[in-house]
Amino acid sequence: MAPLGEQSSDIALEAATSALRGRQRREASRFASIELRAADPDYGPWRALAYVVSALAAVACVIALWML
16 MAPLGEQSSD IALEAATSAL RGRQRREASR FASIELRAAD PDYGPWRALA YVVSALAAVA
76 CVIALWML
């Protein structure tokens, strides 16, 4: 029986080898598709408006600090 350190490295090597061979790829893509389905919905114009307002606020702060 191999020491504990060798066993854990053997398990890690087996996992890496199986992942590189593609046996685990199907499971990973399943989790990725679940994450994509659970993504936040697009807020459309509200998100664009928030970007514009934050950009204008940043520019106003820079100009105000420059004038000091």
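Residues in the sequence shown are numbered from 16 upward in steps of one, following the working numbering.
Just so it is clear, CB atoms sit at the ideal spot from N, CA and C, and this is done for glycine as well.
query: Would you report the Cα separation of A62 and I78, rounded to the nearest angstrom?
result: Within the sequence shown, the letter at position 47 stands for residue 62. Within the sequence shown, the letter at position 63 stands for residue 78. Looking at the sequence itself, residue 62 is Arg, so the reference to Ala does not match. Between R62 and I78, the C-alpha separation is close to 24 Å.
Residue span of the alpha helix (DSSP H) that contains L71, given as start and end: Residue numbering aside, residue 71 sits at position 56 when the sequence shown is read from its first letter. Unbroken alpha helix (DSSP H) run through L71: P60 to M82.
- prompt: What's the gap between the Cα of T32 and the Cα of A73?
  reply: Stepping through the sequence shown from its first residue, residue 32 is reached at position 17. Stepping through the sequence shown from its first residue, residue 73 is reached at position 58. Distance between the alpha carbons of T32 and A73: 49 Å.
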